[in-house]
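Student: Mapping of the sequence shown onto our numbering: position 355 corresponds to residue 356, and the numbering continues sequentially without gaps.
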Amino acid sequence: MECRPRRSPKGRGANVSPPCRFARWAVVWDEPAPTGSDDEGQQRVPTEFFPDESKTIISENQSPDVGFRYSLNPYRGCEHGCPYCYARPLHEYLGWSAGLDFETKILVKERAAELFREWLRRPGWVCEPVAFSGATDCYQPAEKRFELTRACLRVALEAGQPVTIVTKNALLLRDLDLLTQLGARGLLQVSISMTTLDEKLCREMEPRTSRPQARLRTLSVLAEHDIPTRVLVAPVIPGLNDSDMAAILKAAREAGARSASYTLLRLPPSVQPVFLEWLQRTFPARSQRIESLIRQTHNGSLDDARFGYRMRGCGPLAEQIDQAFRVFRRRYGLDVPLPALDTSQFRPPEKASDQLRLF
């Protein structure tokens, strides 16, 4: 069963709110009667922000197929609204839905920089890179208002703490002053996530992200400032954007990217109704074939969560995608790793002072 909003939300990726798997009850809206209005089915759903009183800002990753151990997440939920996002189920632990709630109810860790500072001051900390962010995008639209990522970067710069950033938002360039300093000291790697160069597909699939040309420009500006950059083709969706890989890699190389990687789409159970509804609504004639191709890369499932398979899939189609990516990556000179980050400069930051609260 799914809970539908009364009207299709404008500018959002999700059009359904699957019941939270931990909830004892769910609300199901009746479909409204057609009115014949030009804006039928179009309703703007506002974003709500809530203070997050978490006691830590850092998560430790135990998964062997993720390229980092520690990650920093200033926000929970993400306004970007990508219907495929693997982080959507995390909202269910808050009693909310992995659908529309995930992109309209954003938790803000207002003490992010203070908590990061405290975490880096721990006596037992042996410096290694921290990923910004492991779950939701640290440069999502909320960052323009709250500037938590920028505040955390200031702490990293002060402490000589190396960081990696993954984002699909050109808002990153707002912090070019800090990024340039981190890059010059060997403390920064940036990955720009791209799914397509098709403006229309991007607008449909990632409604509140930066458009492809803006992301390529971001790569160019970072390269001009000698900041190590990678293009992350993610997720690759068989039958939808897998044919874009070569064009993305070529454009990214021309923009100044030094390296490239990819991940294959997988859909955790709570994400499946969100993505499949989006797919049927957006590509009704192709949706069944695309779903079939996704299943072919995950042993007949939409969600093969096994380590070693969940990022790359398995079977002939997954191998074909992997081989094609490797060929194009090598052709465009993106098959080299980024320089290792420097952990030798780390010094514990000063103790946090009293800070103004955001709420």
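In this text, a Cβ means the ideal position worked out from N, Cα and C, and glycines have one as well.
Output needed for S55: all residues of its chain with C-beta closer than 6 angstroms, excluding positions within five of it in sequence on either side, in chain order.
Tutor: K110.
Student: To the nearest angstrom, how far is it from the Cα of P340 to the Cα of L189?
Tutor: Distance between the alpha carbons of P340 and L189 is about 10 angstroms.
Student: Count the other C-beta atoms from every protein chain shown that fall within 10 angstroms of the C-beta of V191, then say buried if there are 16 or more, exposed otherwise.
Tutor: Buried, by the Cβ-count rule.
Student: With DSSP as the reference, label M373 as helix, strand or coil.
Tutor: The question about residue 373 has no answer here: the residues shown for the chain are numbered 2 through 360.
Student: Can you tell me the Cα-Cα spacing of A171 and P317, whole angstroms?
Tutor: Near 36 angstroms, if we compare the C-alpha coordinates of P317 and A171.
Student: Is A258 buried or exposed, if buried means 16 or more other CB atoms sit within 10 Å of its CB?
Tutor: It is buried - the Cβ of A258 has at least 16 other Cβ atoms within 10 Å.
Student: So A114 and L149 are supposed to be a Cβ contact under 8 angstroms. How far apart are they, rounded?
Tutor: Their Cβ separation, rounded to whole angstroms, is 7 angstroms, which keeps A114 and L149 in contact under 8 angstroms.
Student: Please list the segments of the alpha helix (DSSP H) lying wholly inside the stretch 194 to 269, counting only runs of 4 or more residues, in order along the chain.
Tutor: Counting only runs of 4 or more, we get 200 to 206, 213 to 225, 246 to 256.
Student: Hey, could you find the ends of the beta strand (DSSP E) S18 is sitting in?
Tutor: It is not in any beta strand (DSSP E) - S18 carries neither H nor E in the DSSP assignment.
Student: Put P145 into one of helix, strand or coil per three-state DSSP.
Tutor: Here residue 145 turns out to be Lys, not Pro, going by the sequence shown. Correct three-state label for K145: helix.
Student: Could you tell me the distance, in whole angstroms, from the CA atom of S271 to the CA atom of E93?
Tutor: Approximately 9 angstroms, taken between the alpha carbons.
Student: Straight-line CA distance for A353 to R118?
Tutor: So the alpha carbons of these two residues sit roughly 7 angstroms apart.
Student: F50 bridges to which residues according to DSSP?
Tutor: BP columns for F50 point to I107.
Student: Ignoring anything shorter than 3 residues, give me the beta strand (DSSP E) runs that lie fully in the stretch 320 to 351, in order along the chain.
Tutor: Counting whole runs of 3 or more residues, the stretch 320 to 351 contains no beta strand (DSSP E) stretch at all.
Student: Please state the DSSP three-state secondary structure of P10.
Tutor: P10 falls in the strand class under three-state DSSP.
Student: If you run the structure through DSSP and keep just helix, strand and coil, what is T168?
Tutor: Reduced to three states, the DSSP call for T168 is strand.
Student: How many whole angstroms separate the CB atoms of L73 and V167, which I take to be in contact at a CB cut-off of 8 angstroms?
Tutor: The pair is not a contact, with the Cβ atoms about 12 angstroms apart (cut-off 8 angstroms).
Student: Note the first and the last residue of the continuous beta strand (DSSP E) segment covering F69.
Tutor: That residue, F69, is in no beta strand (DSSP E); it is neither H nor E in DSSP.
Student: Go ahead and pull the three-state DSSP assignment for R118.
Tutor: Reduced to three states, the DSSP call for R118 is helix.
Student: Is it buried or exposed, T57, if we count other Cβ atoms within 10 angstroms and call 16 or more buried?
Tutor: T57 comes out exposed.
Student: With DSSP collapsed to three states, give me the class of V127.
Tutor: The answer is coil: DSSP assigns V127 none of H, G, I, E or B.
Student: Can you tell me whether DSSP reads L188 as helix, strand or coil?
Tutor: Coil, per DSSP.
Student: Looking at L303: is its Cβ nearer than 8 angstroms to the Cβ of R267?
Tutor: Yes, the Cβ-Cβ distance between L303 and R267 is below 8 angstroms.
Student: Using a Cβ-Cβ cutoff of less than 8 angstroms, which residues in the same chain neighbour I238 once the five nearest sequence positions on both sides are dropped?
Tutor: Closer than 8 angstroms at Cβ, skipping near neighbours: Y85, T196, L266, I291, I295.
Student: Is it right to say K11 is buried, meaning 16 or more other beta carbons lie within 10 angstroms of its own, or is it exposed?
Tutor: The residue is exposed, with fewer than 16 neighbouring Cβ atoms inside 10 Å.
Student: Determine the DSSP secondary structure at Y76, reduced to helix, strand or coil.
Tutor: Correct three-state label for Y76: strand.
Student: Counting along the chain, where does the alpha helix (DSSP H) carrying E292 start and finish?
Tutor: Run containing E292: 288 to 297, per the alpha helix (DSSP H) assignment.
Student: Please report the Cβ distance between L361 and P163, rounded to the nearest whole angstrom; I am assuming they are in contact, meaning their Cβ atoms lie under 8 angstroms.
Tutor: Only positions 2 to 360 of the chain appear in the structure, and residue 361 is not among them; the question remains open.
Student: Excluding the 5 residues flanking F133 on each side, which residues of the same chain have their C-beta closer than 6 angstroms to its C-beta?
Tutor: Answer for F133: L73, C139, V164, I166, listed in chain order.
Student: Within a Cβ cutoff of 7 angstroms, which residues of the same chain sit near R282, ignoring the five residues on either side of it in sequence?
Tutor: Here the set comprises N16.
Student: Going straight from the alpha carbon of A256 to that of D245, what length do you get?
Tutor: A256 and D245: Cα-Cα distance of roughly 16 angstroms.
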